[in-house]
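Worksheet: the structure to be examined is printed underneath.
In our numbering, the protein residues as written are 2 to 140.
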């Protein structure tokens, strides 16, 4: 199944563990030229790292991150593939209920495509094909 994850207050716990300072934005009056941020802001260089740390810590409670692909997690027949905040999950069970507790999860139903790859299901198989990508590259 496919899901979209988002954390309200982007990874605030991880963000508080590091100090991030910014220059005073243009048009803002104040005594200081430099400000310490209290939480991550969308668009900052550290925001993706904070998000990754948060999702990694949450998912590693259930399984291990692949040493070959840092976007892939697995545990006892459960596979989770992440790309930023898009997720592909093979078995739902306890993992998805835990993700619902930690993040705002938007259930997108059975995956038909993921990152430009088509997912074809039959009774006994799941195939991943990239015909659209290949066709686009050949043009």
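Every residue, glycine too, gets a C-beta built ideally from N, C-alpha and C.
Whole-angstrom distance between residue 104 and residue 49, CA atom to CA atom:
Rounded to the nearest whole angstrom, the C-alpha separation of residue 49 and residue 104 is 16 Å.
Excluding the 5 residues preceding and the 5 following residue 134 in the sequence, name in chain order all residues of the same chain whose CB lies nearer than 6 Å to its CB.
117
Could you pull the start and end residues of the beta strand (DSSP E) that residue 23 belongs to?
22 to 24
On the three-state DSSP scale, how would you describe residue 29?
coil
Taking the beta carbon of residue 60 as the centre, do at least 16 other beta carbons fall within 10 Å, making it buried, or is it exposed?
Around the beta carbon of residue 60, a 10 Å sphere encloses 16 or more other beta carbons of the protein chains shown; the residue is thus reported as buried.
Neighbourhood of residue 22 by C-beta, 8 Å cutoff - its chain only, sequence neighbours within 5 removed:
35, 36, 37 and 38
Just to confirm the assignment, what range does the alpha helix (DSSP H) spanning residue 133 have?
132 to 139
Please determine, among 51, 66, 87 and 82, the residue with the shortest C-alpha to C-alpha distance to residue 106.
Taking only the C-alpha atoms, the option nearest residue 106 is 87.
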